[in-house]
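Visitor: Quick one: the structure is below, questions incoming.
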Amino acid sequence: MNDVSRTDPQGGTNESTPEKQSYARRLADRPQLVLVAVLIALILVTGMVEPNYLSLTGLKNSLVWAIPIGILAAGQTILMLTGGIDLSIAMIATASAYIAANQSANGAVFAIVVGLLVGLIAGTLNGLGVGVFRVNALIMTMAMAGILLGLFTGWATTIFAGSTRMHDFVRTLGGGSFFDRKVPWAAVIWAGVAVLVILLLRKTGFGRNLYALGDNAVASRLSGIRAWQVLVVAYAISGILGSVAGLIVGGRVGSVDLQLVGFLLLPSVAAAVIGGTSIFGGVGTYTGTILGALILGVLQSLLTFLGAGQAVQQVLYGSIVIGLSWMYTRIASSQ
Amino acid sequence: MTATTSTVARQHRSTSLRRWVQRHGWTVGIWVLLFVLVAWYATLIPRFGGFQTATIISGGTAWIFLGIAQAVVVIAGGLDLGVGGLLVLTSVTAAQLMDGQPLGMVLVIAIGIVLAAAILNGFVGWIISVSKVPDIVVTLGSLYVYQGFALMVLPKVGGGTNGSFRWIFTGSENGIGANPWPSIVVIAIPVIIVAWWMGRTKSGLSLYAVGSDAPAAFLSGVRDTRTKVVSFAVAGVFAALAGFSSVSISGVGNPTTEGGNLTLNSVAAVVIGGVVLTGGIGSVIAVVPAALILFFFNPILSALGVDPNRAQVIQGILIVFVMMIAGLLEWRRMRRS
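See the structure below:
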């Protein structure tokens, strides 16, 4: 815990004196409180627009939106800590879902494993490009997205022609619920991912390496961190997280096509950024990202209830992303 | 005595040559690559003449303009993911307003759209500078906003523009190029103006100053907010020009075009053109052949009989490959110095 607080701004003002702390200053120490407040306010506003929203079903709808965003954003958070980004993560997700659906005749386990393998391979290649060959992360992952799209568009009519329907087990995982249809299975998966990612970032040496690398690449090299190894593993993890999200979205929709997850790419970056992860590396937590994903999920419900067309939705969505990150930057830097 | 001077002179000449190669080697290399590709393409297809040249150049116009829009922002140390969205917005606005208008009115509308795009994107730059939120995040938002506006202006594919206006950008009134010269002129004029501006004027050079070392630029009196706003406004102008060429080629506006993909192309063009993504290094001129090379892949690969999907794969691998070479060169230069 202590070791993390040194690298993130939330806990960065330990030397503050016991004399009266101003309200703004206390907020600056805990900018995530603001995110919680925004989340609650958004939920209440949505409840005012549509009173039925303030029920388990209504909130579940938002959660179902937030789950894939949150899992994809876990990948973005890990990479942003190193100063990178993954623009191929949505395409990796789509490709994984596509293969899993195609292989569903061979059983659920095989389909899932093959799906995760796609993320592992594509992610590792991204990591080799960025870590070993020093290709800019934006370019590397963008090119990877193009390569995957090209490959799968070609393969869709040749070696992967056939079923585009997900295996029933994956459909249950992605879209099913338990406890009288109250808790989605996907939420359990997200909770598992969240625990793993938070532990990874806080408790492991690898997590510290991620922060160190993004904070000061030269210093971390001098202190013996092998940057390329850290990067390859980080990108591979991001790829696998992409696959998990892809399987969940594919399971929820039921059948797959090559536009399945693409629309979640920008929200995944936005969730991490709204949650306070710096795109320049070294600063950020997954708890912040989770809040970011939840905010985006509620926002989606609000926009749907407002009955706004796609056009208005996009304008509001974009403005709110800018507004929230502006607010967060102001609060976090006011210390 | 004389021998020494001549050695010194020769040494001097060789270092200046090396410097020239270091400064312009990448640009020259990209132009050579383009001409090699064109020559290769000419041997691949049965007939290569004005029509093919016109098709390639007019088709590449939008890519070039969007690449330059991105280059101006990147040189100033930023990144604008919104340019693709702005292309979509300006093209559908043009298609909506210009439909059925005479040429004079169309030109007035075009000027209005260019100004509006400059102001809109300049405002985005202002937000970045004042809010201190990273470029990627704010322009991610502006990309959404532009695409939303585009859908509001024109809910579905439609609209149109004046034939003469299409001729200006494509060399033909129905968008299928016959004459490459109008496209060449329409590319050359803005490119020369912006290259002159960035290389010779105080406000243009301040983009390089801020891009290479923002604190130092600030301390030497360059106004950072103004530079940011100006670079984004210029990007807005070029995104609007890209929007016009896209309308001129297709003849209609399409609000469902994925602006994000267009942005990614522009980033790739900038990188292949030798502009360094961290800012301060590169020239807009080199972006012209880079964008044409990127655009040119599809006709070449289809002439080779390569499946378009595989073409996309090859293009992706090639971009990574070019970046690896650039990284290697950079690494060698770092080691030598």
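Chains as they are written, first to last, in this note's numbering: chain A, 686 to 1020; chain B, 7 to 343. Every residue gets a Cβ at the ideal spot worked out from N, C-alpha and C, and that includes glycine.
Go ahead and pull the three-state DSSP assignment for residue 850 of chain A.
Guide: Here the question's residue 850 of chain A lines up with position 165 in the first sequence. DSSP places residue 850 of chain A in strand when its eight states are reduced to three.
Visitor: How would you call residue 889 of chain A, buried or exposed, if buried means at least 16 neighbouring beta carbons within 10 angstroms?
Guide: Residue numbering aside, residue 889 of chain A sits at position 204 when the first sequence is read from its first letter. It counts as exposed.
Visitor: Verify the CB distance criterion: does residue 964 of chain A have a CB-CB separation below 7 Å to chain B?
Guide: For the purposes of this step, residue 964 of chain A is taken as residue 279 along the first sequence, with counting starting at 1. Yes, contact with chain B.
Visitor: Can you check the segment 82-123 of chain B for any alpha helix (DSSP H) of at least 4 residues that lies completely inside it and give the ranges in chain order?
Guide: 89-104
Visitor: Would you say residue 318 of chain B lies against chain A (beta-carbon separation less than 7 Å)?
Guide: To locate residue 318 of chain B, count along the second sequence from 1; it is residue 312. For residue 318 of chain B, the answer is yes, since a Cβ of chain A falls inside 7 Å of its Cβ.
Visitor: Sort A:902, A:946 and A:941 by Cα distance to residue 841 of chain A and report the nearest one.
Guide: Residue mapping note: residue 841 of chain A aligns to position 156 of the first sequence, counting from 1. Selected option, being the one with the closest Cα: A:941.
Visitor: With 7 Å set as the bound, which would you pick, yes or no: does the beta-carbon of residue 7 of chain B sit closer than that to a beta-carbon of chain A?
Guide: As a first step, residue 7 of chain B is located in the second sequence; it is residue number 1 there, counting from the start. Its pLDDT being 48, under 50, residue 7 of chain B is placed unreliably by the model, and the measurement read from it follows with that caveat. Cβ-Cβ to chain A under 7 Å: no for residue 7 of chain B.
Visitor: Pull up the DSSP beta-bridge partners for residue 869 of chain A, would you.
Guide: Residue numbering aside, residue 869 of chain A sits at position 184 when the first sequence is read from its first letter. Looking at the DSSP assignment, residue 869 of chain A forms a beta bridge with A:862.
Visitor: Using the rule of at least 16 other Cβ atoms within 10 Å of the residue's Cβ for burial, across every protein chain shown, is residue 865 of chain A buried or exposed?
Guide: As a working note, residue 865 of chain A is residue 180 in the first sequence. When all chains shown are included, residue 865 of chain A counts as exposed.
Visitor: Which of the residues in the segment 117-142 of chain B, read from start to end, lie with their CB under 7 Å from any CB of chain C?
Guide: The chain inventory of the structure shown lacks chain C, comprising the protein chains A and B.
Visitor: Is it true that the CB of residue 927 of chain A sits closer than 7 Å to the CB of residue 784 of chain A?
Guide: Within the first sequence, numbered from 1, the residue matching residue 784 of chain A stands at position 99. Within the first sequence, numbered from 1, the residue matching residue 927 of chain A stands at position 242. Taking 7 Å as the Cβ cut-off, residue 784 of chain A and residue 927 of chain A do not qualify as a contacting pair.
Visitor: In whole angstroms, give me the CA-to-CA distance for residue 89 of chain B and residue 245 of chain B.
Guide: As a working note, residue 89 of chain B is residue 83 in the second sequence. As a working note, residue 245 of chain B is residue 239 in the second sequence. Rounded to the nearest angstrom, the two C-alpha atoms are 6 Å apart.
Visitor: Determine, using beta carbons only, whether residue 750 of chain A comes closer than 7 Å to chain B.
Guide: Numbered from 1 along the first sequence, position 65 holds the residue referred to as residue 750 of chain A. With 7 Å as the cut-off, residue 750 of chain A does not count as an interface residue toward chain B.
Visitor: I want to know whether the segment 202-216 of chain B touches the segment 229-237 of chain B - three or more CB-CB distances under 8 Å.
Guide: yes
Visitor: Answer with buried or exposed for residue 52 of chain B, where buried requires no fewer than 16 other C-beta atoms within 10 angstroms of its C-beta.
Guide: Position 46 of the second sequence holds residue 52 of chain B. Under this definition residue 52 of chain B is an exposed residue.
Visitor: Could you tell me whether the Cβ atoms of residue 64 of chain B and residue 189 of chain B are closer together than 7 Å?
Guide: If you number the second sequence from 1, residue 64 of chain B lands on position 58. If you number the second sequence from 1, residue 189 of chain B lands on position 183. In this structure, residue 189 of chain B lies closer than 7 Å to residue 64 of chain B by Cβ.
Visitor: According to DSSP, is residue 65 of chain B part of a helix, a strand, or is it coil?
Guide: Reading the second sequence from its first residue, position 59 is the one you call residue 65 of chain B. Helix.
Visitor: Quick one: grab the DSSP three-state call for residue 940 of chain A.
Guide: The sequence position of residue 940 of chain A within the first sequence is 255, counting from 1. Shown here, residue 940 of chain A sits in a strand according to DSSP, grouped into three states.
Visitor: So, with DSSP's three-state summary, where would you put residue 1011 of chain A?
Guide: Within the first sequence, the letter at position 326 stands for residue 1011 of chain A. The answer is helix: DSSP assigns residue 1011 of chain A an H, G or I state.
Visitor: Which bits of chain B does residue 1011 of chain A rub up against, with CB to CB less than 7 Å?
Guide: To locate residue 1011 of chain A, count along the first sequence from 1; it is residue 326. What residue 1011 of chain A touches in chain B: 137 and 139.
Visitor: Could you check the C-alpha separation between residue 331 of chain B and residue 337 of chain B for me, to the nearest Å?
Guide: To locate residue 331 of chain B, count along the second sequence from 1; it is residue 325. To locate residue 337 of chain B, count along the second sequence from 1; it is residue 331. C-alpha separation (whole angstroms): 10 Å.
Visitor: So residue 153 of chain B contacts chain A; which residues on that side make the cut at Cβ distance below 7 Å?
Guide: Along the second sequence, read from residue 1 onward, the residue named residue 153 of chain B stands at position 147. Simply 999.
Visitor: Is it buried or exposed for residue 339 of chain B, if we count other Cβ within 10 angstroms and need 16 for buried?
Guide: One-based indexing of the second sequence puts residue 339 of chain B at position 333. That one is exposed.
Visitor: Please classify residue 909 of chain A: does DSSP put it in a helix, a strand, or coil?
Guide: Taking the first sequence and counting its residues from 1, one reaches residue 909 of chain A at position 224. It is coil, neither helix nor strand.
Visitor: Check the Cβ of residue 313 of chain B against every Cβ in chain A and list those closer than 8 Å, keeping chain order.
Guide: For this step, residue 313 of chain B is matched to residue 307 along the second sequence. The answer, in chain order, is 839.
Visitor: Quick one: what's residue 164 of chain B bridged to in DSSP?
Guide: Translated into positions along the second sequence, residue 164 of chain B becomes position 158. Its beta-bridge partners are B:259.
Visitor: Roughly how many whole angstroms lie between the Cα atoms of residue 299 of chain B and residue 274 of chain B?
Guide: On the second sequence, residue 299 of chain B is found 293 positions in, with the first residue counted as 1. On the second sequence, residue 274 of chain B is found 268 positions in, with the first residue counted as 1. Using only the alpha carbons, I get a separation of about 11 Å.
Visitor: Label residue 826 of chain A either buried or exposed according to how many other C-beta atoms from any shown protein chain fall within 10 Å of its C-beta, with 16 as the threshold for buried.
Guide: Position 141 of the first sequence, counting from 1, holds the residue named residue 826 of chain A. By the neighbour-count rule (16 or more Cβ atoms within 10 Å), residue 826 of chain A is buried.
Visitor: Could you check if residue 198 of chain B is buried or exposed, using at least 16 other CB atoms within 10 Å of its CB as the buried criterion?
Guide: By 1-based counting over the second sequence, the position of residue 198 of chain B is 192. By the 10 Å Cβ count, residue 198 of chain B comes out exposed.
Visitor: Cβ closer than 8 Å: which chain B residues qualify as neighbours of residue 995 of chain A?
Guide: Here residue 995 of chain A corresponds to residue number 310 of the first sequence, with the count starting at 1. Residues of chain B passing the Cβ test: 154 and 157.
Visitor: Can a CB atom of chain B be found closer than 7 Å to the CB of residue 1003 of chain A?
Guide: Within the first sequence, the letter at position 318 stands for residue 1003 of chain A. Taking 7 Å as the CB threshold, residue 1003 of chain A lines the interface with chain B.
Visitor: Our contact map puts residue 852 of chain A next to residue 781 of chain A with C-beta atoms below 8 Å; I'd like the distance itself, whole angstroms only.
Guide: As a position in the first sequence, residue 852 of chain A is number 167, starting the count at 1. As a position in the first sequence, residue 781 of chain A is number 96, starting the count at 1. Incorrect: roughly 13 Å between the Cβ atoms, too far for contact.
Visitor: For residue 822 of chain A, report the span of its alpha helix (DSSP H) as first-last.
Guide: Numbered from 1 along the first sequence, position 137 holds the residue referred to as residue 822 of chain A. Run containing residue 822 of chain A: 822-841, per the alpha helix (DSSP H) assignment.
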